[in-house]
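Visitor: Structure in structure tokens, see below.
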Amino acid sequence: MIKKIDSPSFKLLFDVYHIQIMNGDVIRRLRQYRDILGHVHVAGNPGRNEIGDDQEICYKAVMEALIEIGYEGYVGQEFLPTGNPLESLARAVTICDV
Numbered sequence: 007m008i009k010k011i012d013s014p015s016f017k018l019l020f021d022v023y024h025i026q027i028m029n030g031d032v033i034r035r036l037r038q039y040r041d042i043l044g045h046v047h048v049a050g051n052p053g054r055n056e057i058g059d060d061q062e063i064c065y066k067a068v069m070e071a072l073i074e075i076g077y078e079g080y081v082g083q084e085f086l087p088t089g090n091p092l093e094s095l096a097r098a099v100t101i102c103d104v
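Pasting the structure below:
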């Protein structure tokens, strides 16, 4: 549908958490949809909490893939913090800063 509409104002919201729990193979899918990406959301898996280096999704690799495909948009931190929200966000930004 996005390609049919062919508008710069209508793009794909790529939610890394949901891609992982529904289909997996996040990086391959980023490459597959590179031409229609409009925004990216991230959250920890399992649980949709803070992202971390000890979880199912390797966000360093995901961020490197975004750079590789030329994505220049924002990455939204869309997680449910289990602790201090500002500390959780600061850790997430550090993890995503490649």
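Mind the numbering: the sequence shown is residues 7 to 104 in my numbering, read in order.
Cβ coordinates follow ideal geometry from the N, Cα and C atoms, glycine included.
Write down every uninterrupted run of the beta strand (DSSP E) in the segment 64-97 whose length is 3 residues or greater and which is fully enclosed by it, in chain order.
Guide: 81-83
Visitor: Quick check: VAL81 and LEU36, are their CB atoms within less than 9 angstroms of each other?
Guide: Annotated as distal: VAL81 and LEU36, with beta-carbon spacing of 9 angstroms or more.
Visitor: In whole angstroms, give me the CA-to-CA distance for PRO87 and ALA49.
Guide: 10 angstroms
Visitor: Throw me the rounded Cβ distance for the TYR77 and LEU43 pair, which I believe falls under 8 angstroms.
Guide: Contact between TYR77 and LEU43 holds, since their C-beta atoms are separated by about 6 angstroms, short of 8 angstroms.
Visitor: So if DSSP puts VAL48 in a beta bridge, which residue, or which two residues, is it bridged to?
Guide: Looking at the DSSP output, VAL48 sits in a beta bridge with GLN83.
Visitor: What three-state label does DSSP hand ASP41 in the structure shown?
Guide: helix
Visitor: Do you know offhand how far ARG97's Cα is from ASP103's?
Guide: 10 angstroms
Visitor: Pull up the DSSP beta-bridge partners for ARG21, would you.
Guide: Sequence inspection shows Asp at residue 21; the Arg mentioned does not correspond to that position. Beta-bridge pairing links ASP21 to HIS47.
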